[in-house]
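Structure record follows, encoded as structure tokens.
Protein chains: 2
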Amino acid sequence: MRSDCGQPAPAGSATTGFDDLPGVSAAVAASAAATAFAGVSTTAPTQRRRWLEAVAEALHSRAELLVALAEEETGLGEVRLRQELTDAAANARYYAAVGEGGGWLRAQAQRRTGGSAADLRKAHLSIGPVAVFGASNFPFKFGVFGHDTCAAVAAGCSVVVKAHPAHPRLSRAIAGTVTAALDAAGAPAGTFGLIEGFTEGLALVQLPEIAAVAFTGSQSGGMALVDAVRARPLPIPVFAEMGTVNPVVVTPGAAHSIEPIAAGFVESFTRGGGQFCTKPGLLLVPRGCGAAAAIAAALSSRDGVRLLTAGISDAFRAGVGDLVAAGAEVLATGGPADGEHVVRPVALSVSPDVLRQGSRLLQECFGPVGLVAEYGHFAEVGEILSRMQPALAGSVFSADGADPDVSSVVAQLAGRTGRVVVNDWPTGVACVDAMHHGGPWPATSRPDATSVGADALARFTRPVAFQNVPDEALPPALQDANPWRLVRYDQEGRPW
Amino acid sequence: MRSDCGQPAPAGSATTGFDDLPGVSAAVAASAAATAFAGVSTTAPTQRRRWLEAVAEALHSRAELLVALAEEETGLGEVRLRQELTDAAANARYYAAVGEGGGWLRAQAQRRTGGSAADLRKAHLSIGPVAVFGASNFPFKFGVFGHDTCAAVAAGCSVVVKAHPAHPRLSRAIAGTVTAALDAAGAPAGTFGLIEGFTEGLALVQLPEIAAVAFTGSQSGGMALVDAVRARPLPIPVFAEMGTVNPVVVTPGAAHSIEPIAAGFVESFTRGGGQFCTKPGLLLVPRGCGAAAAIAAALSSRDGVRLLTAGISDAFRAGVGDLVAAGAEVLATGGPADGEHVVRPVALSVSPDVLRQGSRLLQECFGPVGLVAEYGHFAEVGEILSRMQPALAGSVFSADGADPDVSSVVAQLAGRTGRVVVNDWPTGVACVDAMHHGGPWPATSRPDATSVGADALARFTRPVAFQNVPDEALPPALQDANPWRLVRYDQEGRPW
Numbered sequence: 001m002r003s004d005c006g007q008p009a010p011a012g013s014a015t016t017g018f019d020d021l022p023g024v025s026a027a028v029a030a031s032a033a034a035t036a037f038a039g040v041s042t043t044a045p046t047q048r049r050r051w052l053e054a055v056a057e058a059l060h061s062r063a064e065l066l067v068a069l070a071e072e073e074t075g076l077g078e079v080r081l082r083q084e085l086t087d088a089a090a091n092a093r094y095y096a097a098v099g100e101g102g103g104w105l106r107a108q109a110q111r112r113t114g115g116s117a118a119d120l121r122k123a124h125l126s127i128g129p130v131a132v133f134g135a136s137n138f139p140f141k142f143g144v145f146g147h148d149t150c151a152a153v154a155a156g157c158s159v160v161v162k163a164h165p166a167h168p169r170l171s172r173a174i175a176g177t178v179t180a181a182l183d184a185a186g187a188p189a190g191t192f193g194l195i196e197g198f199t200e201g202l203a204l205v206q207l208p209e210i211a212a213v214a215f216t217g218s219q220s221g222g223m224a225l226v227d228a229v230r231a232r233p234l235p236i237p238v239f240a241e242m243g244t245v246n247p248v249v250v251t252p253g254a255a256h257s258i259e260p261i262a263a264g265f266v267e268s269f270t271r272g273g274g275q276f277c278t279k280p281g282l283l284l285v286p287r288g289c290g291a292a293a294a295i296a297a298a299l300s301s302r303d304g305v306r307l308l309t310a311g312i313s314d315a316f317r318a319g320v321g322d323l324v325a326a327g328a329e330v331l332a333t334g335g336p337a338d339g340e341h342v343v344r345p346v347a348l349s350v351s352p353d354v355l356r357q358g359s360r361l362l363q364e365c366f367g368p369v370g371l372v373a374e375y376g377h378f379a380e381v382g383e384i385l386s387r388m389q390p391a392l393a394g395s396v397f398s399a400d401g402a403d404p405d406v407s408s409v410v411a412q413l414a415g416r417t418g419r420v421v422v423n424d425w426p427t428g429v430a431c432v433d434a435m436h437h438g439g440p441w442p443a444t445s446r447p448d449a450t451s452v453g454a455d456a457l458a459r460f461t462r463p464v465a466f467q468n469v470p471d472e473a474l475p476p477a478l479q480d481a482n483p484w485r486l487v488r489y490d491q492e493g494r495p496w
Numbered sequence: 001m002r003s004d005c006g007q008p009a010p011a012g013s014a015t016t017g018f019d020d021l022p023g024v025s026a027a028v029a030a031s032a033a034a035t036a037f038a039g040v041s042t043t044a045p046t047q048r049r050r051w052l053e054a055v056a057e058a059l060h061s062r063a064e065l066l067v068a069l070a071e072e073e074t075g076l077g078e079v080r081l082r083q084e085l086t087d088a089a090a091n092a093r094y095y096a097a098v099g100e101g102g103g104w105l106r107a108q109a110q111r112r113t114g115g116s117a118a119d120l121r122k123a124h125l126s127i128g129p130v131a132v133f134g135a136s137n138f139p140f141k142f143g144v145f146g147h148d149t150c151a152a153v154a155a156g157c158s159v160v161v162k163a164h165p166a167h168p169r170l171s172r173a174i175a176g177t178v179t180a181a182l183d184a185a186g187a188p189a190g191t192f193g194l195i196e197g198f199t200e201g202l203a204l205v206q207l208p209e210i211a212a213v214a215f216t217g218s219q220s221g222g223m224a225l226v227d228a229v230r231a232r233p234l235p236i237p238v239f240a241e242m243g244t245v246n247p248v249v250v251t252p253g254a255a256h257s258i259e260p261i262a263a264g265f266v267e268s269f270t271r272g273g274g275q276f277c278t279k280p281g282l283l284l285v286p287r288g289c290g291a292a293a294a295i296a297a298a299l300s301s302r303d304g305v306r307l308l309t310a311g312i313s314d315a316f317r318a319g320v321g322d323l324v325a326a327g328a329e330v331l332a333t334g335g336p337a338d339g340e341h342v343v344r345p346v347a348l349s350v351s352p353d354v355l356r357q358g359s360r361l362l363q364e365c366f367g368p369v370g371l372v373a374e375y376g377h378f379a380e381v382g383e384i385l386s387r388m389q390p391a392l393a394g395s396v397f398s399a400d401g402a403d404p405d406v407s408s409v410v411a412q413l414a415g416r417t418g419r420v421v422v423n424d425w426p427t428g429v430a431c432v433d434a435m436h437h438g439g440p441w442p443a444t445s446r447p448d449a450t451s452v453g454a455d456a457l458a459r460f461t462r463p464v465a466f467q468n469v470p471d472e473a474l475p476p477a478l479q480d481a482n483p484w485r486l487v488r489y490d491q492e493g494r495p496w
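See the structure below:
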């Protein structure tokens, strides 16, 4: 951009087309989203793909400003944030393509086969305006225009996002970027809206226009929304993805290679300040394998970590205190902890006996803390896992080659988590079709739902069957002419 | 069967292998179901198909006794009950085949494509022991061995059924039949269990072994289970399918053929004593089309109807009284109402103005009552529909040929119901792949779920992703050798 006076052009100048967009009231945003919904849901998925791709483009074109704002408000570091913006734009393109593919509509027909049989067609239609509550820890990927927003628009829904208070300026800047790009791409006004503040957020989920809620964050935040929705005259689904203690088991056969595992554990529970919902929360190792010393050594070289907000760093210090009060002992710390919201990463050791009794030890502490427990007999692993709350993910580290203990741990984790990993850390979630980012409560409020991957669109749909409905009155997904060019089959498996 | 003394052999004789099976305690049944689950879920779907088919066979072989018991306890009539048993056995075979097909597992792979990419595989695994609460109105199809039980077993889950108090002897007889057939077919002990009584039912859904709840019945019953499950330390999904007022719209263009519509309306809201969750509850007709006289004429030839229980007939009389108190007027009645639990079918007329105000008018009254409202301007239809609670199903009757009003009503009904029907009644639900028997609350507690059709299995599954898990530790559905012979694809759409 040309700027004769040598100053960078202000954000929101006419030449960029971007204005930071402050939030409106919940009522105004929901009303606009409801008006937009008819247009969004009946627009061909191919066109909605273009809207999302336009936003991805716009995020890139405004990356300098957005990353700088994110760094100011989160302290997550420019390198990480630049990558996260790039990933978020790629995810938008991914959901756009999934939406265009149309598999999420699950269109099918039971075509008339005789005089008396009905013509029955079924599709998962767009559910309505969606309220999205993003997370603090991924301001781009799980923020104003993260997985939930993209999946909802791809599934034909309008969206109202509640800005996270940890990054209000970034939220406004992204909202402005999204709105301008959607407008320019021809999306209906109201396809996307932003609101701000706790009170407006609670008001939003009570409004009759809102048809579903998606949330990423803490258990207390998610359950507050679940409770708020229960008070509605007509309840709606709440898809809350919440924090859990993700267990990692080192089998006896893997004990000989504990050093790289210990280093990986420290790296994983401190990455992003330990502010990942998939960080390893509890490492179960064979007694006497040297894990404690290896973890202490790895942690000693770690610096203090700046957390997202003063509230989160306060909660972290209190949470570590609670863990110690519940019977955990400090194994090692990194440091120092100088500066605003900066804390020392810490590894805690805990005995299996204490774990079996102390429920506080088995609840998430957001931030750079990891628990380590040494088991004597391998059967203790099963007992401990059965005491833990279900989780988003869990891992097993095994011996090279065949390890007789892997299958039993995989089966146990499969019964209690949404994703089971072998010989790697659960930390981080790839945005691909076969991903499942979810799990039984308290990992999520809806154990069948994922907030990442192709199936993320399913949350924002509702199946409807059409019986003997004339073609012109059917939704496009079910019309004979197949105007959306979906891959569809009838009851005999014939393309239809 | 030979019986020297000329008496029919008692049910449960050694030669039949059937014993009536009284319920056990919730704790005993849940514990047995939990023990059985490991075996049920890892048994090949092909084998589970044989279990369900064996039960279907056993239902037929004991049909005389079961139908006689059902008639004694429900008064639904031998013809209807014999057909319902036949349908229930056919449904068991249907779910058995759907289970064997394996599409419900939704197995998919994101196979390793480079050095750093993960091998990610995902399937919907069997969720665990399922608690089933059957309905009073379909003692076979939605009873002890109805849609929910069959779908759960087909999806690899063990089941504990709570017997409906309206038909306790039939429930025990079916339970004995199911248990003997499953045993003989080699299913693990505990695959199926029966409990009895309100207290045991509430206890059942609180037990840690239970992983999901399926219910068919009233709003109050369904919501009581939803509330009971909320009190669990670890919540689980409750799939409650509840009663609704299903609207039927007659367009202005269809007014000239009101007589057959009126006759069909009366036939539909009195069928099975009006005890169908899909009965038409409200008929919206153009003013002055003669619907009132035609309905009165059709109803005058109807006899009194025996309802399922004294409680239901009392509730029906009270419900009709409430409707009249809320502003409805008696348009016509059938009769007489002599005999135990016998009531007069009744049509009530109500003005659109009263409908717009009276919420009581828009809640289900179980039994043979139908509301009729005459609209002046067609726009009133939209206003009334928007005031109603969402419903399981809705219909439109239209003019022959193109009718300009059909599309708008279909679109409105699609936004508020689970199934939209044109030129037929919503009453009755075919058990086919493309069926959706569900809808937004209060039709169901989970608007994405159906209790009939192939997707009914999805309720009893939970997705899990497996990342870099060695083949021998994967569940059969995801192993390279594909031991369950599922149709599976990888990320490129290649068979896998």
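These protein sequence lines map, in sequence, to chains A and B.
Each residue of the first sequence is one higher than the one before, counting from 1 in the UniProt record's numbering.
Each residue of the second sequence is one higher than the one before, counting from 1 in the UniProt record's numbering.
Where a beta carbon is used, it is the ideal one built from N, C-alpha and C, also for glycine.
If you draw a straight line from the Cα of F215 of chain A to the Cα of L457 of chain B, it comes to about 27 Å. Residue contact with chain A for Q467 of chain B: present (Cβ-Cβ distance below 8 Å to some residue of chain A). Secondary structure note for V132 of chain A: it is in no alpha helix (DSSP H), and the uninterrupted beta strand (DSSP E) holding it is V130 to F133. Here the alpha carbon of H256 of chain A sits roughly 16 Å from the alpha carbon of P404 of chain A. Every unbroken stretch of the alpha helix (DSSP H) spanning 4 or more residues and falling wholly within the stretch 171-256 of chain A is given here in chain order: 198-206 and 219-230. If you compare the alpha carbons of B:W104, B:L234 and B:S136 with that of H167 of chain B, the shortest gap goes to B:S136. In the DSSP assignment, the residues bridged to K162 of chain A are A:F133 and A:I195. Residue contact check for E492 of chain A against chain B: no CB pair falls below 8 Å. For the stretch 428-444 of chain B, residues whose beta-carbon sits nearer than 9 Å to a beta-carbon of chain A comprise A430, V432, D433, A434, M435, H436, H437, G438, G439, P440, W441 and P442. Short of 6 Å from the beta carbon of A151 of chain B, and not among the five residues preceding or following it, lie these beta carbons of its own chain, in chain order: Y95, A456 and L457. Flagged as an interface residue toward chain B: P463 of chain A, by a C-beta distance shorter than 8 Å.
Rounded to whole angstroms, the gap between the alpha carbons of T199 of chain B and I236 of chain A is 29 Å.
Proximity of A292 of chain A to chain B, defined by a Cβ-Cβ separation below 8 Å, is not satisfied. A straight line joining the alpha-carbon of V452 of chain A with that of H437 of chain A spans about 6 Å. Here H147 of chain A carries a helix assignment [DSSP, helix/strand/coil]. In terms of beta-carbon proximity, V421 of chain A lines the interface with chain B, with at least one pair separated by less than 8 Å.
Around the beta carbon of G99 of chain B, 16 or more other beta carbons lie within 10 angstroms, which makes this residue buried. When the alpha-carbon of G243 of chain B is set against those of B:S220, B:I261 and B:W104, the nearest one is in B:S220. Given a length threshold of 3 residues, each whole run of the beta strand (DSSP E) inside the stretch 243-324 of chain A is given here in chain order: 246-250 and 280-286. Contact between S41 of chain A and V226 of chain A fails: their C-beta atoms lie close to 26 Å from each other, not under 8 Å. Boundaries of the alpha helix (DSSP H) harbouring Q357 of chain A: P352 to Q357, taken from the DSSP string. Apart from sequence neighbours up to five positions away, the residues of its chain that approach F239 of chain B with a beta-carbon distance below 6 Å are A214, R446, A449 and R459, ordered along the chain.
When the beta-carbon positions are compared, L85 of chain A and V67 of chain A come within less than 8 Å of each other.
In the structure shown, the three-state DSSP call for E78 of chain A is helix. Within the DSSP secondary-structure output, T333 of chain B pairs in a beta bridge with B:V346. The C-beta distance from R80 of chain B to G272 of chain B rounds to 7 Å, short enough to meet the 8 Å contact threshold.
One alpha carbon belongs to T251 of chain A, the other to S25 of chain B, and they sit about 39 Å apart.
Looking at the DSSP output, L125 of chain A bridges to A:R462. In chain order, G334, G335 and P336 place their CB closer than 8 Å to the CB of D303 of chain B, counting only its own chain and leaving out the 5 sequence neighbours on each side. Looking at the DSSP output, S395 of chain B sits in a beta bridge with B:V248 and B:V421.
In chain order, L21 and F192 place their CB closer than 7 Å to the CB of T179 of chain A, counting only its own chain and leaving out the 5 sequence neighbours on each side. Using beta-carbon distances, K122 of chain A counts as an interface residue toward chain B, with a partner under 8 Å.
The alpha carbon of G176 of chain A has as its nearest neighbour, out of A:V406, A:A58, A:P233 and A:A155, the alpha carbon of A:A58. Separation of the CB atoms of A292 of chain B and V372 of chain B is rounded to 7 Å, and the pair is thereby assigned contact status at 8 Å.
Closer than 8 Å to the CB of D400 of chain B there is not a single CB belonging to chain A. Contact annotation for L125 of chain B against chain A: A414 and G415 [CB-CB distance below 9 Å, chain order].
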